[in-house]
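Input: a single structure, listed below in structure tokens.
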Amino acid sequence: MTTMLVSALNETLFMVFFSTLFSAAGGFGLAVLLILTGPHGLRPKSRVYAALDLAVNLLRSFPFMILMIALIPFTRLVAGVAYGSAAAIVPLTVAAIPFMARLVEGSLLEVDQGVVEAARSFGASDSQIIFRVMVMEALPAIILNVAVLAITLLGYSAMAGAIGGGGLGALAYNEGYIRFRADIMFCAVAVLIVVVQCIQSGGNHLYKKLR
Amino acid sequence: MREMDLHLSLSARGYSDIVQPMITVRNLEKHYGGKSVLRDLSFSVQEGEIFGIVGRSGAGKSTLLRCFNGLTTYDGGSVQVRGREVGALSDAGLRELRRDMGMVFQDFSLMSRKNVFENVAFPLRIWDAGQSRGTIEARVMELLEIVDLADKRLERVQNLSGGQKQRIGIARALALNPKILLCDEATSALDPDTTLNILELLQDVNVRFKLTLIVVTHQREVVKRLCHRMLLLDKGAGLCLGRTEDLFLDPPEDLRRFADTEYTFIPGGLNIRVMFPRAISRQAVITDMARSLDLSFSIVGGKLERYRDHVLGFLIINVACEHVERVCSYMTDKNLPWEVLADDHDACQRPE
Ligand SMILES: Nc1ncnc2c1ncn2[C@@H]1O[C@H](COP(=O)(O)OP(=O)(O)OP(=O)(O)O)[C@@H](O)[C@H]1O
Ligand SMILES: [Mg+2]
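Protein chains in written order, with our numbering: chain A, 572 to 782; chain B, 32 to 383.
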């Protein structure tokens, strides 16, 4: 049982780590675009913003299971295979990018507009304002966003069992629930709880340190 | 709009008679949606001058100030800063312009995660053209000396008082050696003592660096203490413009309304402001008036006011309606400037 748990934990961490990494990067980029083109942004472009906004909302309204299955051709294109832990990273990332974009957009909008105006008043360029003022001011909040993202992806990754992604969720379901192995189910859930706790307290710790 | 003789006023203060305007505003118009926020404003600000823009909340002061450095666009007329039309500048041109114009904010607008040093250094880093670290450090320390906060350089800005934060705001605004300093309600969030402190600092940098200051405020003490000239705005229109001292000593109707709101109205009489020019001792005048008219009146308020470099006094007395005529003719006889407070005109039949 221990070996099963360990390999499931490995699969879970693998999926969560890489999908968090990619979707944090993608979501951050998308958030910057939303902030830049938004109604009170530095370069308001209402058409571009409306299009991005709609795309984000559409992607976010898909249930993950459906999205994962709909994405199978795309997954095969990107990952070469459609099944397995590595393949699961593709739909996880696609689903999490718009989620992360909204979180980071919210954090960036929280930045004091006065500080932004002050930076403009001494001649900072748009990119300096975004990266050296807004992102720097919002950094602690963005760190917390990443923690929330990783925990959400941990939950999604359980469903990745459906395309052979493996991991703790799949173990709990296949071994524990279907085969009535209550002990396995219990242990898998316990490990998941520990992982969630670790991610959250790691995020909180960094938040306090950076603030 | 009232324009006092500009050259006269400046030469009286020791500036050269021919000065190139730093900022020239002509027929400036701005609206938000259908609402007109700035209407047909025309004036100019001279080099080295401290120019006040005053008015009630919503008058358009901040909007006007932001037209100068292009933080806001305008819809008509012209704003020229040192000969360059602000509205016609490219992005790069605007950034260059802003480099020459520092700005100070009511709520300080400092970066909360950076310490004092880094906040002041930030404009230098933004414009960093391969300066060595030592140059930036030397400049920041020089600025912190000017605002007297060198010992706090490693402190986080959250841990500082309002006055200290504003000093950092001023140091940051001065970092790039601007020609013009724009202050938007720089003292409105501060207590009276700290306000005086900041005003002294602003006066000091005006003289030391020959900096042109444009000061937006709704505090009349600030205008009086600081500004050579002032513009009164109301609903986006310029009501009067001139030397601060002239305007406050002989206020046009509009300014009176702005200036007098702080005195409470006492029912059953008329509030009269009696002004005391330098030569007259106020104690003697009041007792003398009470004695020779054989009546009593209450003193509602009074103040020794400082008009930049000299002090003048006034008292506000409340006179029962039936005595108003005698009191007024007494004051006129004695050559005392007096006026009925603006809000009180209906309290009694006003004597002509
Ligand atoms: N971005 C905006 N959109 C729409 N209306 C605006 C905007 N900014 C300012 N206004 C309006 O323009 C008018 C002038 O505003 P402004 O901030 O310049 O006034 P102010 O004199 O600085 O007031 P305060 O003393 O309260 O700071 C106000 O009526 C305000 O509601
Ligand atoms: Mg304002």
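From the three backbone atoms N, C-alpha and C, an ideal C-beta is built for every residue, glycine too.
With a threshold of 16 other CB atoms inside 10 Å of the CB of residue 224 (chain B), please say whether the residue is buried or exposed. The residue given as residue 224 (chain B) occupies position 193 in the second sequence. Flag for residue 224 (chain B) reads exposed.
Since residue 219 (chain B) meets chain A, which of its residues come closer than 9 Å, beta carbon to beta carbon? Residue mapping note: residue 219 (chain B) aligns to position 188 of the second sequence, counting from 1. Within chain A, no residue comes near residue 219 (chain B); the closest Cβ sits about 13 Å away, beyond 9 Å.
What three-state label does DSSP hand residue 197 (chain B) in the structure shown? For the purposes of this step, residue 197 (chain B) is identified with residue 166 of the second sequence, where counting begins at 1. It is helical.
Against chain B, with Cβ distances strictly below 8 Å, would residue 702 (chain A) count as a contact? Stepping through the first sequence from its first residue, residue 702 (chain A) is reached at position 131. Output row for residue 702 (chain A): interface = no.
Is any heavy atom of ligand 2 found at a distance shorter than 7 Å from the C-beta of residue 216 (chain B)? Taking the first residue of the second sequence as 1, we reach residue 216 (chain B) at position 185. Yes, Cβ of residue 216 (chain B) sits closer than 7 Å to a heavy atom of ligand 2.
Quick one: does residue 133 (chain B) have its CB under 8 Å from some CB of chain A? As a first step, residue 133 (chain B) must be located in the second sequence, where it is residue number 102. For residue 133 (chain B), the answer is yes, since a Cβ of chain A falls inside 8 Å of its Cβ.
Given that residue 614 (chain A) touches chain B, what residues does it touch there, using C-beta distances under 7 Å? Residue numbering aside, residue 614 (chain A) sits at position 43 when the first sequence is read from its first letter. Going along chain B, no residue has its Cβ under 7 Å from residue 614 (chain A), so there is no contact; the nearest lies around 10 Å.
When you compare the CB positions of residue 86 (chain B) and residue 249 (chain B), do they come within less than 8 Å of one another, or not? Locating residue 86 (chain B) in the second sequence gives position 55, counting from the first residue. Locating residue 249 (chain B) in the second sequence gives position 218, counting from the first residue. Yes, Cβ-Cβ distance for residue 86 (chain B) and residue 249 (chain B) is below 8 Å.
Hey, out of B:352, B:253 and B:128, whose CA is closest to residue 208 (chain B)'s CA? The sequence position of residue 208 (chain B) within the second sequence is 177, counting from 1. For residue 208 (chain B), the nearest C-alpha among the options comes from B:128.
Do residue 243 (chain B) and residue 384 (chain B) count as a contact pair if the criterion is CB distance below 8 Å? Coverage of chain B is limited to positions 32 through 383, which leaves residue 384 (chain B) absent and any answer about it impossible.
What does residue 136 (chain B) reach in chain A if we use C-beta pairs closer than 7 Å? Residue numbering aside, residue 136 (chain B) sits at position 105 when the second sequence is read from its first letter. Near residue 136 (chain B) (Cβ distances below 7 Å), the residues of chain A are 685 and 689.
Closer than 7 Å: residue 68 (chain B) CB and nearest ligand 1 heavy atom: To locate residue 68 (chain B), count along the second sequence from 1; it is residue 37. Yes, since a heavy atom of ligand 1 falls inside the 7 Å radius drawn around the Cβ of residue 68 (chain B).
Alpha carbon of residue 166 (chain B) to alpha carbon of residue 641 (chain A), nearest angstrom: Start at 1 with the first residue of the second sequence, and residue 166 (chain B) comes out as number 135. Start at 1 with the first residue of the first sequence, and residue 641 (chain A) comes out as number 70. Rounded to whole angstroms, residue 166 (chain B) to residue 641 (chain A) spans 58 Å at the Cα level.
Report buried or exposed for residue 574 (chain A), applying the criterion of at least 16 other Cβ atoms within 10 angstroms of its Cβ. Translated into positions along the first sequence, residue 574 (chain A) becomes position 3. Exposed, because fewer than 16 other Cβ atoms sit within 10 Å of the Cβ of residue 574 (chain A).
Under 8 Å between beta-carbons, which chain B residues line up against residue 708 (chain A)? List them in chain order, please. For this step, residue 708 (chain A) is matched to residue 137 along the first sequence. 142, 143 and 144, listed in chain order.
Taking 8 Å as the cut-off, decide whether the C-beta atoms of residue 598 (chain A) and residue 670 (chain A) are in contact. Mapped onto the first sequence, residue 598 (chain A) falls at position 27. Mapped onto the first sequence, residue 670 (chain A) falls at position 99. The answer is yes: Cβ separation under 8 Å.
Tell whether a beta-carbon distance below 8 Å holds between residue 212 (chain B) and residue 230 (chain B). In the second sequence, counting from the first residue as 1, residue 212 (chain B) sits at position 181. In the second sequence, counting from the first residue as 1, residue 230 (chain B) sits at position 199. The answer is no: Cβ separation not under 8 Å.
Return helix, strand or coil for residue 249 (chain B), following the three-state DSSP convention. Reading the second sequence from its first residue, position 218 is the one you call residue 249 (chain B). Three-state result, residue 249 (chain B): coil.
Helix, strand or coil for residue 58 (chain B)? Go by DSSP, reduced to three states. If you number the second sequence from 1, residue 58 (chain B) lands on position 27. Three-state result, residue 58 (chain B): strand.
Is it the case that the CB of residue 121 (chain B) approaches a heavy atom of ligand 2 more closely than 7 Å? Taking the second sequence and counting its residues from 1, one reaches residue 121 (chain B) at position 90. Residue 121 (chain B): no, Cβ never under 7 Å from ligand 2.
In whole angstroms, what is the alpha-carbon distance linking residue 683 (chain A) and residue 162 (chain B)? Indexing the first sequence from 1 puts residue 683 (chain A) at position 112. Indexing the second sequence from 1 puts residue 162 (chain B) at position 131. Spanning the two alpha carbons is a distance of roughly 29 Å.
Chain A contacts from the stretch 146-166 of chain B (Cβ-Cβ distance under 9 Å): 153, 154, 156, 157 and 158
Under 9 Å by beta carbon: chain A residues contacting residue 129 (chain B): Numbered from 1 along the second sequence, position 98 holds the residue referred to as residue 129 (chain B). The contacting residues are 691, 692, 693, 694 and 695.
Assign residue 728 (chain A) to buried or exposed, taking buried as 16 or more other Cβ atoms, counted over all protein chains shown, within 10 Å of its Cβ. Here the question's residue 728 (chain A) lines up with position 157 in the first sequence. Buried, because 16 or more other Cβ atoms sit within 10 Å of the Cβ of residue 728 (chain A).
Spatial neighbours of residue 357 (chain B) in its chain, beta-carbon cut-off 6 Å, leaving aside the 5 residues before and after: Along the second sequence, one-based indexing puts residue 357 (chain B) at 326. The answer, listed in chain order, is 324.
Skipping 5 residues on each side, what residues in its chain have a beta carbon closer than 7 Å to that of residue 154 (chain B)? The count along the second sequence starts at 1 and reaches residue 154 (chain B) at position 123. Counting only Cβ-Cβ distances below 7 Å, and skipping sequence neighbours, we find 203, 206 and 207.
In three-state DSSP terms, what is residue 35 (chain B)? Against the second sequence, residue 35 (chain B) aligns to sequence position 4. Residue placement at residue 35 (chain B) is flagged as unreliable, the pLDDT there being 42, under the threshold of 50; a coordinate-derived value is accordingly withheld.
Nearest neighbour of residue 75 (chain B), chosen from B:363, B:362, B:368 and B:272 [CA to CA]: Taking the second sequence and counting its residues from 1, the one referred to as residue 75 (chain B) is at position 44. For the residues B:363, B:362, B:368 and B:272, the minimum Cα distance to residue 75 (chain B) belongs to B:272.
Are the beta-carbon atoms of residue 147 (chain B) and residue 170 (chain B) separated by less than 8 Å? As a first step, residue 147 (chain B) is located in the second sequence; it is residue number 116 there, counting from the start. As a first step, residue 170 (chain B) is located in the second sequence; it is residue number 139 there, counting from the start. Taking 8 Å as the Cβ cut-off, residue 147 (chain B) and residue 170 (chain B) do not qualify as a contacting pair.
For residue 739 (chain A), which of A:750, A:721 and A:764 has the nearest alpha-carbon? Your numbering for residue 739 (chain A) matches position 168 in the first sequence. Cα-wise, what sits closest to residue 739 (chain A) is A:764.
I want to check one thing, is the minimum distance from the CB of residue 266 (chain B) to the heavy atoms of ligand 2 below 7 Å? The count along the second sequence starts at 1 and reaches residue 266 (chain B) at position 235. No, since every heavy atom of ligand 2 falls outside the 7 Å radius drawn around the Cβ of residue 266 (chain B).
Looking at the C-beta of residue 102 (chain B), does it have a partner C-beta in chain A at a distance below 8 Å? Numbered from its first residue, the second sequence carries residue 102 (chain B) at position 71. It does: the Cβ of residue 102 (chain B) has a partner Cβ on chain A nearer than 8 Å.
Along chain B, in chain order, which residues have C-beta atoms closer than 7 Å to that of residue 699 (chain A)? Translated into positions along the first sequence, residue 699 (chain A) becomes position 128. Those are 157, listed as they occur along chain B.
Is the beta carbon of residue 778 (chain A) sitting closer than 8 Å to the one on residue 722 (chain A)? Translated into positions along the first sequence, residue 778 (chain A) becomes position 207. Translated into positions along the first sequence, residue 722 (chain A) becomes position 151. The answer is no: Cβ separation not under 8 Å.
For the beta strand (DSSP E) holding residue 269 (chain B), just list the boundary residues, first then last. Looking up residue 269 (chain B) in the second sequence gives position 238. Counting along the chain, the beta strand (DSSP E) containing residue 269 (chain B) begins and ends at 268-274.
Any chance the CB of residue 728 (chain A) is under 7 Å from a heavy atom of ligand 2? In the first sequence, counting from the first residue as 1, residue 728 (chain A) sits at position 157. Outside the cutoff, so no.
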